Structures are given as C-alpha cells and as structure tokens.
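Per the working numbering, the sequence shown runs over residues 83 to 357.
Using N, Cα and C, we set each Cβ at its ideal position, and we do this for glycine too.
None of these values were measured; they are calculated from a predicted model.
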Amino acid sequence: MTDNGMSSQEYVDFQKFLEKACGIVLGSNRHYLINNRLKGLMNEYDISSITELTRRLKNSNNVQLRKQIIDAMTTNETSWFRDQHPFDSLKNTILPELKKNSSLRIWSAACSSGQEPYTISMTIEEYLKNNLVSFSNNIKITATDISPTILSEAKKATYDQLSISRGLSAARQKMFFRKINNEWKLNDEISRRVTFKEFNLLDSPVSLGKFDIIFCRNVLIYFSQKNKAEIIKKFAKALNPGGYLILGSSESMPPDLKQCFEMIRSDRGIIYKTR
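Set out below in structure tokens:
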C-alpha cells in the first residue's frame, strides 16, 4: 500500500490510464498530485478514495468522468511572452521570411488559458505596424488544448491583475488591453485572429489543416519518447513546405526525426524548419 491508501497496482493502473488517454506520463511517487488535482472531482462524484476512483475508471460507461479526470490532471501553467526567444524568432526570423505569403496559418498546440496564442497575435501586430506584408488581413491562429474547461476561459480573453502581470510589460498592457472593473480585456484586433478548439495531441491533426508555423512548447516533456516522436511526425506532416516548428527550451528533436527538420539558431534559442 502506498501513500494516501492507494496500492502500488492502483497507481500503475492510473498511470496507464492517463498515458493512454492523453499521453501524459505520470512519474513515480506523485500520489499527492493525484489527490490535489482530483479532490474536487471526487467530492462531486461522491468518491471516497483513489481506490474507488480506479475501480470506476475500469467501467467503460464513465466517459464523462474520464474526460473530467484528464481535464483536472492537465498542467495549465503559462504566462505572457514565456521564454521570450520564440517570439523574438517569430518577429525577427520567421515573419520576414514568410512576409510574401498571401496568408499565414499558425497552430498553438496545448495553448492552456490563451496566453501563448494571444502573445503570438500581439507579436504579429507589432511586426505589422512596421512592415508591409501581403498576409496582413489573412492571418489565422488555431489554438488547441485537451481541456474544455481551460479553453472556455481562454475564449473570454479576459484576465485578472495577477494573470496580466505575468510576463506582460506595462506598455503592452496599455497597448493591447482595456481595463473593465477589476479585469483586463484583450483588444478585439488581437483576439479575433485566434480560434480555439479542443484537441488531443495523440489524435491526427488532419482536420485542423495545414500550417506555416507550429508552436508546441513545454508540453512534450510530459510524454513518453515514443509518443513525443509520433507527435512531432504529425507536426511535420501538418506543416507546409518550409514551415517552422517551435518547441520548448527544454525539449529537443528526437534523433531519428532530424532528417525532417533543419535546426536553426535564432535569438538565443533553437527553431526547426521543415526540409
């Protein structure tokens, strides 16, 4: 029996469920995380223990419960202009190369509460103010996440003072937001470029279409090496020729996929371009 009354086998069963359902690999001795994330959900369903929860998961009829568990276990940590260099690379390297395109399609994968796709839109807006480009009126950003709850929040494009201050300068707050009571509402010219969709990275992205740029940062570290490689293969197929993939600063390209991408050092970071 492990901590919190959960047997070793039950913990393994939960690990397998989570990885199969959404790709997340839960490390060993993370019982506290399960309890913290699922406490409210267990109360809602009147589930008294993790033991009972694992039993219910084996019932194939509990589709809604399974979906809510995935929602609760998904990490939603984010901030504006996170790590900075991907957005500098977008502005200084990628957009200048793609500026002759008639349109621009970008995918923000695992977008959480919207800071990344909205930051991408802000970066594009800053670039457009200083450059004449053909795609200025045909820019679409598709933002996806597995969590319907967090997507619902992201669509509002409204943030409290704590959220707005994480990575966003006072100048950008003034430029891109308007304050309404105690909240900050993103300006329409920034939010209207972004469309939010529920999507599991283990699924095929064919329905999403083709993209010129894909951002998938700080999420693949939670996947097994096998699933990570499969997801990046899907990204390669979803990118237009010469398209760009931007991973997190702690994430690297699997060795057997380097033939699909050219590694480019840009703005103190690394981006990948399809060969």
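Leaving out five residues before and five after Arg112 in sequence, what residues of the same chain have Cβ atoms less than 7 Å from its Cβ? For Arg112, where only same-chain residues beyond five positions count, there are no Cβ hits under 7 Å.
DSSP on Val215, reduced to helix/strand/coil? Correct three-state label for Val215: coil.
Own chain residues within Cβ distance below 6 Å of Ser331, not counting five before or after: Setting aside the 5 residues that flank it on each side, Ser331 is surrounded in the same chain by Asp165, each with a C-beta closer than 6 Å to its C-beta; the list follows chain order.
Relative to the C-alpha of Ser106, which candidate in Val301, Gln341, Ile352, Asn322 has its C-alpha closest? Note that residue 106 is Ile in the sequence shown here, rather than Ser. When each option's Cα is compared against that of Ile106, the closest is Val301.
beta-carbon Gln341 near the ligand MG non-hydrogen atom, thresh 6 Å: The ligand content of the structure shown is nil, which means the ligand MG is not present either.
Please check the pair Leu250 and Phe217, which I expect to be a contact at CB under 8 Å, by giving their CB distance rounded to whole angstroms. Actually they do not touch by this definition, with Cβ atoms about 25 Å apart.
Consult DSSP for Ile303 and reduce its assignment to one of helix, strand or coil. Residue state for Ile303 is assigned as helix, using DSSP reduced to three classes.
With distances taken between CB atoms, is the gap from Ile228 to Thr156 smaller than 7 Å? Contact: yes.
Just to confirm the assignment: which complete beta strand (DSSP E) runs, minimum length 3, are found wholly within the stretch 239 to 293? At a cut-off of 3 residues, the continuous stretches assigned as beta strand (DSSP E) that sit fully inside the stretch 239 to 293 are 240 to 242, 259 to 262, 265 to 268, 276 to 280.
Cα-Cα separation, Gly351 to Pro323: If you take the alpha carbons of Gly351 and Pro323, they lie about 22 Å apart.
Taking the alpha-carbon of Ala239 as reference, which of Thr133, Ile272, Ala103 has the nearest alpha-carbon? Considering only alpha carbons, the answer is Ile272.
Under the rule that 16 or more other beta-carbon atoms within 10 Å means buried, what is Met345, buried or exposed? Per the 10 Å Cβ criterion, exposed.
What whole-angstrom Cβ distance do Leu339 and Ala311 have, given they're in contact under 8 Å? 6 Å between Cβ atoms; contact.
Segments assigned beta strand (DSSP E), at least 3 residues, entirely inside the stretch 145 to 208: List check, beta strand (DSSP E) in window: 186 to 191.
Endpoints, the alpha helix (DSSP H) within which Asn322 is located: Judged by DSSP secondary structure, Asn322 falls outside any alpha helix (DSSP H) and instead within the beta strand (DSSP E) spanning 321 to 329.
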